[in-house]
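Reviewing the structure listed below.
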Amino acid sequence: MSAATPSAAQSEAQSEAPSEARSEARSEALSGGFADAPVQSARAFREVLEAMARPGTIRKVAGARPPAPLSVAAGVALLVLCDPTTRLHLAGAADCPPVRDWVAFHIGAPLAPAETADFALGRWEALQPVTRFRIGQPDYPDRSATLIVECDRLVNHGPALTGPGIETATWLNLPETAAFRANRALFPLGFDCLFTAGDRIAGLPRSTRVENI
Amino acid sequence: MYVAVKGGERAIDNAHQWLAEERRGDLAVPELTIPQIREQMKLAVNRVMAEGSLYDPDLAALAIKQARGDLIEAVFLIRAYRTTLPRLAASRPVATGAMAVDRRISATFKDLPGGQVLGPTFDYTHRLLDFALMAEGEPPTGAAPLSPIPFPPGGGEAPGPAAPPDAASDAPPSPRVGEGWGGGAPRLPHVTGFLNRDGLIETAEASDRTPPDLTREPMELPADRALRLQALARGDEGFVLGLAYSTQRGYGRTHAFVGELRIGTVAVEVEIPELGFAVEIGEIELTECETVNQFKGSRTEPPQFTRGYGLVMGQSERKAIAMSLVDRALRWQELGEDFTGAPAQDEEFVLMHCDNIQATGFLEHIKLPHYVDFQAELELVRKLRAEAAALREAAE
Amino acid sequence: MTDQAYNFAYLDEQTKRMIRRAILKGIAVPGYQVPFASREMPMPYGWGTGGVQVTAACLVPEDRLKVIDQGADDTTNAVSIRRFFQRTAGVATTEATTEATVIQTRHRIPETPLKAGQILVYQVPIPEPLRFLEPRETETRKMHELEEYGLMHVKLYEDIARHGQIATSYAYPVKVEGRYVMDPSPIPKFDNPKLSGNPAIQLFGAGREQRIYALPPWTEVVSLDFDDHPFETSKAPHDCDLCGAQDSYLDEVITDDQGGRMFVCSDTDFCAGRRAKGHAGRLGAGQKSSKTFANSFEGIWPGTEGAR
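Chains as they are written, first to last, in the working numbering: chain A, 799 to 1011; chain B, 4 to 399; chain C, -14 to 293.
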């Protein structure tokens, strides 16, 4: 019975921004979605899937032009994964009117506090304390949050990652290790992370073991 | 590409062609039209709409034609089509109290406000084949004693204190589009409402909560009553009938009376947030059954009757009655009854097996090739037999 | 080629997002069955609707799709599913395992080793490995939660007591990363070792049962067994009569009513590839395709008077 909100329905139909969009902010909110959603979101999802299935690998995505301060990759992740049925938490600088308007128009995800969010978006510092986020239930570990963590850059240097999806080890410049080690200790519960920087994206599911080297 | 691949594809193409010819049958016999099916096979159309969960008589008729009369196949066609439709809005709950009834009977009271309206029912037809229907042309419409003639809508049977609104109108029973059902239209009260006023039946609490939708969310158990009712409403008529029958025979008995059964049309309204009020977008025919069941009570609470509920799209009273019996049987826990192990009490058993599209798909998939698994079993049995033979020889 | 009446890959975008979210959670918790709101597909439940939905959610226009049933590209249901995606997604198709980027399968893992960049999508009839021991979902969910897999071991042990060995030859249960017991779909246990440490992404879709689960690449997958009765693979003790392969899973084909048999690779692409390279089995290279024997459709071809 979940009816799509009008805004999401509009973005689904890829409606053009009305020509008489009055203010800059308004036109920013109406643009920057996928021009060809079925195909662009399919390509982007494959990159996100590879990123999550092979923790530590850095993939490239395209197609979204979200307002500042969001990265292209964060915008893509939102367009691919969020909709009116997912609760979204915007943290820190990401929680600003341009982003809220953009989310309302293109995604339609209801904004929510950290504790009830399915997805959360922000820089690592802004997402703290991450223990607020849903880690799933023992009988439904899938009911957990996915954090989209905005970073300045993504490189294959830093803590070593091992576990499912990784043949021997990979390395990623994670913002810290303690939180991810604590999260791994909750397995099969825990949150999952996507790291975004520019048009790059990397994944860190709860199953990954993280070690400082 | 090698030869066998083309063989498979050609076989499928040819099978489809053959099927199309079979569907049409003898070309000397005129082809059925969709309006003919819609008008003259209406109960089949209703069943396909109900179990297909899509109210569209023309599409249901098309599905029946395409499925060569196989109703489960037709339901399947409708379901697969329905999945692709966008969800534009959720309607307001329909008001069955404001139903324009074609039929309304109560088994619990001889007469009641609104009266008993027999409507177009098979109930008192003698089940004698009417060979007049076999002859070419229109069958006689007079009151031939053995012909299954529908009771005149809202006729003399119902001289109740307040005749149902427009039941006495001379308009044909359906469709009854736009017969003055404005907001001020008189309502046809529910029998359970009379009982409720005296505290004789449990109160059904109204709720504004959005009911779950099993076509959009995976089924989660235990289910609440709204979800159970949704599953039953689109469940297989035969399966629900069998379960209901089993409760009557003692497998989860609930002592049901048909408090009321009503068939008719109701308005479907959608709230338009921009306008701030609801707009009627059309009318649908529904069958509603409310049963009055065995009472419960305790030292602190006086005894009270309990409820079972059935609501089905179209005219489908067998299904609606069966649904209300199964609904009631599934409520054992909430009403503090014992679980006797009866299938109709077993929520997981009922909900996981009532959908005929799931059931028929899985049942029929065993005709797909399984030679890989069978080969594995074959090797295992051969191995076990060889080992047994070796043991026997060693013993001799 | 693409049918414009439907969205790319048939499903609407909101449905694909829902499936994609479930796939990612499945990847994050390998072997755990994620509930998803499976849609009614234009093919029957039990005929690959789960696999089809997973494939639809993963496909990109650049993909090359391979569809196999029982290891073969030419079985009727594989043909039907391949056509569905040709029509609704316009993707290229292939029979070559090495060329495919997405492979949807029923009951087999290809003989040719998979590689990174490939996705193997399994069609799953009953995703719950404990279902035949405990029919209730509410109970089996609790058993997974508590890692209470004793019942499964009891069942396997009873096999040993009765038959002297574990009498499960397909859909042989596995344990994933030491945590969840998982049903690998009804593949022969011959294929079980290929589940573990596989460089490809393996996704499992059960449409009717509304579950998706996953094995990320390189995931450790162990077939359940006992120290004194270690897991063993099995296959017919023959070589392929067409290509002579000694290490491939074989179909048995009855050739006459006098007990005549031939054994041929169940993986038709693998067998054809070997024969193209000049390998030959007992019945030589000049033979027709293995499936000409297994799938004789002549009987249902209309058009001949005799058939009517």
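Here a beta-carbon is modelled for each residue, glycine too, at the ideal position from N, C-alpha and C.
Excluding the five sequence neighbours on either side, which residues of its own chain have a C-beta within less than 6 Å of the C-beta of Glu845(A), listed in chain order?
Locating residue 845(A) in the first sequence gives position 47, counting from the first residue. Hits under 6 Å: Arg857 and Val859.
Report, in whole angstroms, the separation of the C-beta atoms of Arg324(B) and Val261(B), which I expect to be a contact under 8 Å.
For the purposes of this step, residue 324(B) is taken as the residue at position 321 of the second sequence. For the purposes of this step, residue 261(B) is taken as the residue at position 258 of the second sequence. Arg is not the amino acid found at residue 324(B); the sequence shown has Ile there. Contact holds; Cβ gap of about 6 Å.
On the CB-based measure, 16 or more other CB atoms within 10 Å of its CB, does Asp213(C) come out buried or exposed?
Within the third sequence, numbered from 1, the residue matching residue 213(C) stands at position 228. When all chains shown are included, Asp213(C) counts as exposed.
Suppose contacts are defined by Cβ-Cβ distances below 8 Å. Is Arg107(B) in contact with Gly100(B) by that definition?
Indexing the second sequence from 1 puts residue 107(B) at position 104. Indexing the second sequence from 1 puts residue 100(B) at position 97. No, the pair does not count as a contact, with Cβ atoms beyond the cut-off.
So which residues on chain B does Met137(C) lean against when the C-beta distance must stay under 7 Å?
The residue labelled residue 137(C) in the question sits at position 152 within the third sequence. The premise fails here: Met137(C) is roughly 18 Å from chain B at the closest Cβ pair, so nothing lies under 7 Å.
Can you tell me where the beta strand (DSSP E) holding Gln66(C) begins and where it ends?
Against the third sequence, residue 66(C) aligns to sequence position 81. The sequence given here has Ile at residue 66(C), not Gln. It is not in any beta strand (DSSP E) - Ile66(C) instead sits in the alpha helix (DSSP H) that spans Thr61 to Ala74.
What residue ranges within the stretch 97 to 146 of chain C form continuous beta strand (DSSP E) runs of no fewer than 3 residues, ordered along the chain?
Here the runs fully enclosed are 104 to 108.
Going by CA-CA distance only, name the one from Asp105(B), Arg13(B), Leu217(B) and Asn17(B) that's closest to Gly268(B).
For this step, residue 268(B) is matched to residue 265 along the second sequence. Just to set this straight, residue 268(B) is Thr in the shown sequence, not Gly. Considering only alpha carbons, the answer is Asp105(B).
Between the alpha carbons of Cys357(B) and Ile111(C), how many angstroms are there, rounded?
Here residue 357(B) is taken as the residue at index 354 of the second sequence, counted from 1. Here residue 111(C) is taken as the residue at index 126 of the third sequence, counted from 1. Distance between the alpha carbons of Cys357(B) and Ile111(C) is about 17 Å.
Would you tell me roughly how many angstroms separate the C-alpha atoms of Thr36(B) and Lys45(B), rounded to the nearest one?
For this step, residue 36(B) is matched to residue 33 along the second sequence. For this step, residue 45(B) is matched to residue 42 along the second sequence. About 13 Å.
What number of angstroms, rounded off, separates the C-alpha of Asp216(B) from the C-alpha of Arg24(C)?
Taking the first residue of the second sequence as position 1, residue 216(B) is located at position 213. Taking the first residue of the third sequence as position 1, residue 24(C) is located at position 39. The alpha-carbon atoms of Asp216(B) and Arg24(C) are separated by roughly 12 Å.
Under three-state DSSP, which class holds Lys858(A)?
By 1-based counting over the first sequence, the position of residue 858(A) is 60. In the structure shown, Lys858(A) sits in a strand (DSSP, three-state: E or B).
Between Arg841(A) and chain C, is the shortest Cβ-Cβ distance under 8 Å, so that the two count as touching?
Numbered from its first residue, the first sequence carries residue 841(A) at position 43. Yes, Arg841(A) lies at the interface with chain C (some Cβ there is under 8 Å from its Cβ).
Leaving out the 5 sequence neighbours to the left and right, which residues in its chain are closer than 8 Å to Arg246(C) when beta-carbon positions are compared?
Translated into the one-based positions of the third sequence, residue 246(C) becomes position 261. These residues qualify, in order along the chain: Glu237, Val238, Ile239 and Thr240.
Establish whether the CB of Ser829(A) and some CB of chain C are separated by less than 8 Å.
Reading the first sequence from its first residue, position 31 is the one you call residue 829(A). Chain C, which has no Cβ nearer than 8 Å to the Cβ of Ser829(A), makes this no.
In the structure shown, what three-state DSSP assignment does Ala866(A) receive?
By one-based count along the first sequence, residue 866(A) stands at place 68. Ala866(A): coil per DSSP, three-state reduction.
For Val953(A) and Arg998(A), what's the separation of their Cα atoms in angstroms?
Here the question's residue 953(A) lines up with position 155 in the first sequence. Here the question's residue 998(A) lines up with position 200 in the first sequence. Distance between the alpha carbons of Val953(A) and Arg998(A): 10 Å.
Output, in sequence order along the chain, the residues in the stretch 868 to 881 of chain A whose CB is closer than 8 Å to any CB in chain C.
Cβ contacts with chain C: Val878, Leu879, Cys880 and Asp881.
Going by the DSSP bridge assignment, what does Arg246(C) pair with across the sheet?
What you label residue 246(C) is simply residue 261 of the third sequence in a count that begins at 1. BP columns for Arg246(C) point to Ile239(C).
Taking only beta-carbon atoms, is Thr994(A) less than 8 Å away from chain C?
Against the first sequence, residue 994(A) aligns to sequence position 196. It does not; no Cβ of chain C falls within 8 Å.
My output table needs one value for Asn296(B): the three-state DSSP class, helix, strand or coil.
Taking the second sequence and counting its residues from 1, one reaches residue 296(B) at position 293. Here Asn296(B) sits in strand by DSSP.
Compute the Euclidean distance between the alpha carbons of Leu136(B) and Val109(C), then round it to the nearest angstrom.
Translated into the one-based positions of the second sequence, residue 136(B) becomes position 133. Translated into the one-based positions of the third sequence, residue 109(C) becomes position 124. If I take the Cα positions, the gap works out to 50 Å.
Any Cβ of chain B within less than 8 Å of the Cβ of Phe189(C)?
Here residue 189(C) is taken as the residue at index 204 of the third sequence, counted from 1. Not an interface residue.
Does Arg932(A) pass the burial test, meaning 16 or more other C-beta atoms within 10 Å, or should it be called exposed?
Translated into the one-based positions of the first sequence, residue 932(A) becomes position 134. It counts as buried.
Shorter than 8 Å from the beta carbon of His368(B) to some beta carbon of chain C?
Indexing the second sequence from 1 puts residue 368(B) at position 365. Closer than 8 Å to some Cβ of chain C, the Cβ of His368(B) qualifies, so yes.
What residue does the alpha helix (DSSP H) around Gly382(C) start on, and which one ends it?
With chain C covering only -14 through 293, there is no way to say anything about residue 382(C).
Can you tell me whether Lys160(C) is helix, strand or coil according to DSSP?
Against the third sequence, residue 160(C) aligns to sequence position 175. Lys160(C): strand per DSSP, three-state reduction.
Using the Cβ count rule (16 or more neighbours within 10 Å means buried), how would you classify Asp239(B)?
The residue labelled residue 239(B) in the question sits at position 236 within the second sequence. Looking at its Cβ environment, which holds 16 or more other Cβ atoms inside 10 Å, Asp239(B) is buried.
Can you give me, in chain order, the residues of the stretch 31 to 65 of chain C that have a beta carbon less than 7 Å from any beta carbon in chain B?
Residues passing the 7 Å Cβ filter: Gly31, Trp32, Asp54, Gln55, Gly56, Asp58, Asp59, Thr60, Thr61, Asn62, Val64 and Ser65.
Comparing C-alpha positions only, which one of Ala209(B), Met222(B), Glu208(B) and Thr309(B) sits nearest to Phe352(B)?
Taking the second sequence and counting its residues from 1, one reaches residue 352(B) at position 349. Of Ala209(B), Met222(B), Glu208(B) and Thr309(B), the residue nearest in Cα terms is Met222(B).
Compare the C-beta of Ala796(A) against all C-beta atoms of chain C and say whether one is closer than 8 Å.
Only positions 799 to 1011 of chain A appear in this structure, which leaves residue 796(A) out of reach.
Going straight from the alpha carbon of Val1008(A) to that of Leu141(C), what length do you get?
As a position in the first sequence, residue 1008(A) is number 210, starting the count at 1. As a position in the third sequence, residue 141(C) is number 156, starting the count at 1. Straight-line Cα distance between these residues: approximately 36 Å.
What does the Cβ neighbour count give for Lys10(C), buried or exposed, with the cut at 16 atoms within 10 Å?
Here the question's residue 10(C) lines up with position 25 in the third sequence. Looking at its Cβ environment, which holds 16 or more other Cβ atoms inside 10 Å, Lys10(C) is buried.
Tell me whether Gly135(C) is buried or exposed, calling it buried when 16 or more other Cβ atoms sit within 10 Å of its Cβ.
Translated into positions along the third sequence, residue 135(C) becomes position 150. Result: exposed.
Considering only the alpha carbon of each residue, which of Ala234(B), Ser109(B), Leu203(B) and Tyr248(B) lies closest to His193(B)?
Counted from its first residue, the second sequence places residue 193(B) at position 190. Cα-wise, what sits closest to His193(B) is Ser109(B).
Quick check on the DSSP output: the alpha helix (DSSP H) that includes Ser327(B) runs from which residue to which?
Here residue 327(B) refers to the residue found at position 324 of the second sequence. Here the alpha helix (DSSP H) through Ser327(B) covers Glu320 to Leu333.
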